[in-house]
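**Q** Residue numbers (the working numbering): 41 to 342. For every residue, glycine included, the Cβ atom is placed at its ideal position computed from N, Cα and C. Everything numeric in this text was worked out from a predicted model, so none of it was measured. Take a look at the following structure, please.
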């Protein structure tokens, strides 16, 4: 995951490279979704959480959730045609419901909600988006997978995962109480992570790492406030930020930061924002003015 962040930091240096990376992600995500959906159909569309060749349902569901968020961000900024958006939306939503995981569904809903300040800036685009989302919801609400998902969300069935989470929460709290300053050490949970980022961090690193995590969340919150104040029209800013915040959302209720590659993907996108924004500001300056400014600096130093 950290390697993915480093890759983005090194190789994404301007707007065109950012666009190329995101479009490449959408294309490869769609192709992978087709593979998953084809396998799902060939197996007779089994009821419940779908296991794609051993892939965990949560990252599978997040593939659909994050792709939906990026597709919405591209659509409202007129970087995705309505036909491509509909195709991506349907395939991504299908993946979310195939996974039947609460975390990815919550991630998708929170991501779209956080984009609302930009979505409602254009009445025509927002109405189109809401209509497409409503139609998609109506289609998927008639499927067995939707019923399975809603049963898990509403707790209408004996959900073993919820009971297990409570036990894991208690275990993480006990580890923290035994060593509140430095925790039990990285990897103390082994394969049984507590499904909550804060509990996982303070269990592993105590208040030392917990404080860093709080500072990280404050930084992300500040970024979102800046989005509301200054960058509601900046496609590069809000798309990157929402991918990161959506990834953090799922970690509040499920999975682990160790394996969540979308978290590091979003972090990398946010960390290159300054380079992209600075380049965009330079591009806005007329060519002759830029040359004149450069010549002035050269003459002054000479």
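Just verifying my parser: in three-state terms, what is the DSSP assignment at residue 229?
**A** In the chain shown, residue 229 corresponds to position 189, counting from 1. Correct three-state label for residue 229: coil.
**Q** Measure from the alpha carbon of residue 308 to the alpha carbon of each residue in 318, 67, 292 and 276, then state which is nearest.
**A** Walking along the chain shown from the start, residue 308 turns up at place 268. Among 318, 67, 292 and 276, the Cα nearest to that of residue 308 is on 276.
**Q** To which residues does DSSP link residue 92 through a beta bridge?
**A** Residue numbering aside, residue 92 sits at position 52 when the chain shown is read from its first letter. For residue 92, which the question treats as bridged, DSSP gives the partners 95.
**Q** Below 8 Å between beta carbons: does that hold for residue 132 and residue 108?
**A** Residue numbering aside, residue 132 sits at position 92 when the chain shown is read from its first letter. Residue numbering aside, residue 108 sits at position 68 when the chain shown is read from its first letter. Contact: yes.
**Q** Provide the residue span of the alpha helix (DSSP H) that contains residue 243, from first to last.
**A** Position 203 of the chain shown holds residue 243. Here the alpha helix (DSSP H) through residue 243 covers 237 to 269.
**Q** Quick check: what's the CA-CA separation for residue 244 versus residue 146?
**A** Counting from one through the chain shown, the residue named residue 244 turns up at place 204. Counting from one through the chain shown, the residue named residue 146 turns up at place 106. Computed Cα separation, rounded: 26 Å.
**Q** For residue 80, which option in 102, 290, 68 and 97 has the closest C-alpha, if you only look at C-alpha atoms?
**A** The residue given as residue 80 occupies position 40 in the chain shown. Residue 80 has its Cα closest to that of 97, out of 102, 290, 68 and 97.
**Q** Skipping 5 residues on each side, what residues in its chain have a beta carbon closer than 7 Å to that of residue 165?
**A** Start at 1 with the first residue of the chain shown, and residue 165 comes out as number 125. Answer for residue 165: 116, listed in chain order.
**Q** Can you tell which of 203, 205 and 228 has its C-alpha closest to the C-alpha of residue 215?
**A** Here the question's residue 215 lines up with position 175 in the chain shown. The residue with the shortest Cα to Cα distance from residue 215 is 228.
**Q** Can you list, in chain order, the residues of its chain with a C-beta nearer than 6 Å to that of residue 250? Leave out the 5 residues immediately preceding and following it.
**A** Taking the chain shown and counting its residues from 1, one reaches residue 250 at position 210. Hits under 6 Å: 241 and 242.
**Q** To the nearest angstrom, how far is it from the Cα of residue 154 to the Cα of residue 66?
**A** Translated into the one-based positions of the chain shown, residue 154 becomes position 114. Translated into the one-based positions of the chain shown, residue 66 becomes position 26. Taking the straight line joining both Cα atoms gives about 20 Å.
**Q** Give the straight-line distance between the Cα atoms of residue 68 and residue 61, rounded to the nearest whole angstrom.
**A** Counted from its first residue, the chain shown places residue 68 at position 28. Counted from its first residue, the chain shown places residue 61 at position 21. Between residue 68 and residue 61, the C-alpha separation is close to 11 Å.
**Q** Let me know the secondary structure DSSP gives residue 277 once reduced to three states.
**A** As a first step, residue 277 is located in the chain shown; it is residue number 237 there, counting from the start. Residue 277 falls in the helix class under three-state DSSP.
**Q** Can you give me the Cβ contacts of residue 234 inside the same chain, cut-off strictly under 8 Å, excluding the 5 residues immediately before and after it?
**A** Within the chain shown, residue 234 is the residue found at index 194, counting from 1. If we look at residue 234 and ignore the five residues flanking it on each side, its Cβ neighbours are 205, 208, 209, 211, 212, 240 and 243.
**Q** Whole angstroms are fine: how far does the CA of residue 114 sit from the CA of residue 169?
**A** Taking the first residue of the chain shown as position 1, residue 169 is located at position 129. Taking the first residue of the chain shown as position 1, residue 114 is located at position 74. Looking at the two C-alpha atoms, the distance is approximately 11 Å.
**Q** Does the structure place the stretch 130 to 144 close enough to the stretch 289 to 296 that three or more beta carbon pairs sit under 8 Å?
**A** Touching, yes.
**Q** By the DSSP assignment, the alpha helix (DSSP H) with residue 68 in it spans what residues?
**A** Here residue 68 is taken as the residue at index 28 of the chain shown, counted from 1. Start and end: 55 to 82.
**Q** Does the distance from the C-beta atom of residue 184 to that of residue 90 stay below 8 Å?
**A** Here residue 184 corresponds to residue number 144 of the chain shown, with the count starting at 1. Here residue 90 corresponds to residue number 50 of the chain shown, with the count starting at 1. Contact: no.
**Q** Just the Cα atoms here: how many angstroms apart are residue 63 and residue 221?
**A** Mapped onto the chain shown, residue 63 falls at position 23. Mapped onto the chain shown, residue 221 falls at position 181. Rounded to the nearest angstrom, the two C-alpha atoms are 44 Å apart.
**Q** For residue 160, which of 272, 315, 284 and 43 has the nearest alpha-carbon?
**A** Along the chain shown, read from residue 1 onward, the residue named residue 160 stands at position 120. It is 272 whose Cα lies nearest to the Cα of residue 160.
**Q** With the cut-off set at 8 Å, would you say residue 301 and residue 104 are in Cβ contact?
**A** The count along the chain shown starts at 1 and reaches residue 301 at position 261. The count along the chain shown starts at 1 and reaches residue 104 at position 64. In this structure, residue 104 does not lie closer than 8 Å to residue 301 by Cβ.
**Q** List the endpoints of the continuous alpha helix (DSSP H) containing residue 175.
**A** Indexing the chain shown from 1 puts residue 175 at position 135. Its alpha helix (DSSP H) spans residues 163 to 180.
**Q** Could you say which of 172, 156, 297 and 303 lies nearest to residue 122 if we only look at CA atoms?
**A** On the chain shown, residue 122 is found 82 positions in, with the first residue counted as 1. Of the candidates 172, 156, 297 and 303, the one whose C-alpha sits nearest the C-alpha of residue 122 is 172.
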